[in-house]
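Accompanying notes for the structure given below.
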Amino acid sequence: MAQRVPTRLTPAEGRRFGLLVGGAMLLFGALSWWRGHEMAPIVLWAIGACLTVAGLAIPGRLGPVHGMWMQFAEALSKITTPILMSLVYFLVVLPTGVLMRRFGRNPLVRPASGTSYWITRTSRRERPADMRRQF
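So, in structure tokens, the structure goes:
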């Protein structure tokens, strides 16, 4: 479930957001520069520097930036989540089921040796207090 993102951040939350996202942008800018790109590192470094400085200087004012960042993250998750879940299904679950079927394994079929999964217990009377907090 999506949670409502507050427009006002506490200074600690704003500092954490500014330093974390700003540091990540600086790191991605360095990675982009190392790979030989020209424009992307400059843009990433500018965004990272602004967020890092804002996180240190005015962390309580980063609420709107945080809100836009979270909207971007939610939109991105609507694209990436179905793709990742499809990959997991087609690369893990489906081949496992095909292999199990190919080798005659069916986890839902009861073993022929028994007629039931019932486990007989010793006749011990349960007290009502034993049933209250089971876990």
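Here the working numbering is used: the first residue of the sequence shown is 125, the next is one more, and so on.
Beta carbons are placed, not taken as given, at the ideal position from N, Cα and C, and that holds for glycine.
- Item | Local Cβ density within 10 Å of alanine 197, reported as buried at 16 or more and exposed below that | Mapped onto the sequence shown, residue 197 falls at position 73. Looking at its Cβ environment, which holds fewer than 16 other Cβ atoms inside 10 Å, alanine 197 is exposed.
- Task: Alpha carbon to alpha carbon, how far is arginine 234 from glutamate 250? Give it in angstroms, no decimals.
- Result: Working through the sequence shown from its first residue, we reach residue 250 at position 126. Working through the sequence shown from its first residue, we reach residue 234 at position 110. The straight-line gap from Cα to Cα measures roughly 30 angstroms.
- Query: Just the Cα atoms here: how many angstroms apart are phenylalanine 141 and alanine 173?
  - Reply: Working through the sequence shown from its first residue, we reach residue 141 at position 17. Working through the sequence shown from its first residue, we reach residue 173 at position 49. Approximately 13 angstroms, taken between the alpha carbons.
- By DSSP, does leucine 223 sit in helix, in strand, or in coil? In the sequence shown, counting from the first residue as 1, residue 223 sits at position 99. In this structure, DSSP gives leucine 223 a helical state, which the three-state scheme calls helix.
- Query: Just checking my contact of glycine 184 with glycine 138 at CB under 8 angstroms: how many whole Å lie between their CB atoms?
  - Reply: What you label residue 184 is simply residue 60 of the sequence shown in a count that begins at 1. What you label residue 138 is simply residue 14 of the sequence shown in a count that begins at 1. Contact holds; Cβ gap of about 5 angstroms.
- Task: May I ask you to report which of helix, strand or coil DSSP gives methionine 125?
- Result: For the purposes of this step, residue 125 is taken as residue 1 along the sequence shown, with counting starting at 1. Low local confidence applies: a pLDDT of 48 at methionine 125 is under 50, so the model's placement there is unreliable, with the coordinate-based value given in what follows. The three-state secondary structure of methionine 125, taken from DSSP, is coil.
- Query: What is the DSSP secondary structure of valine 233, counted as helix, strand or coil?
  - Reply: Counting from one through the sequence shown, the residue named residue 233 turns up at place 109. In the three-state reduction of the DSSP assignment, valine 233 falls in the coil class, being assigned neither a helical nor a strand state.
- Anyone know if the C-beta pair for serine 156 and leucine 175 falls short of 8 angstroms? Counting from 1 along the sequence shown, the entry for residue 156 is found at position 32. Counting from 1 along the sequence shown, the entry for residue 175 is found at position 51. Cβ distance not < 8 angstroms, so serine 156 and leucine 175 don't count as in contact.
- Task: Measure the C-alpha to C-alpha separation of alanine 136 and valine 212 and round it to an integer number of angstroms.
- Result: Residue numbering aside, residue 136 sits at position 12 when the sequence shown is read from its first letter. Residue numbering aside, residue 212 sits at position 88 when the sequence shown is read from its first letter. For alanine 136 and valine 212, the distance between alpha carbons rounds to 37 angstroms.
- Task: Give a yes or no on whether the C-beta atoms belonging to glycine 146 and glycine 187 are separated by under 8 angstroms.
- Result: Walking along the sequence shown from the start, residue 146 turns up at place 22. Walking along the sequence shown from the start, residue 187 turns up at place 63. In this structure, glycine 146 lies away from glycine 187, with their beta-carbon atoms at least 8 angstroms apart.
- Item | Per-residue DSSP class, three states only, for glutamate 105 | Within the shown structure, residues of the chain are numbered from 125 to 259, placing residue 105 beyond reach of any answer.
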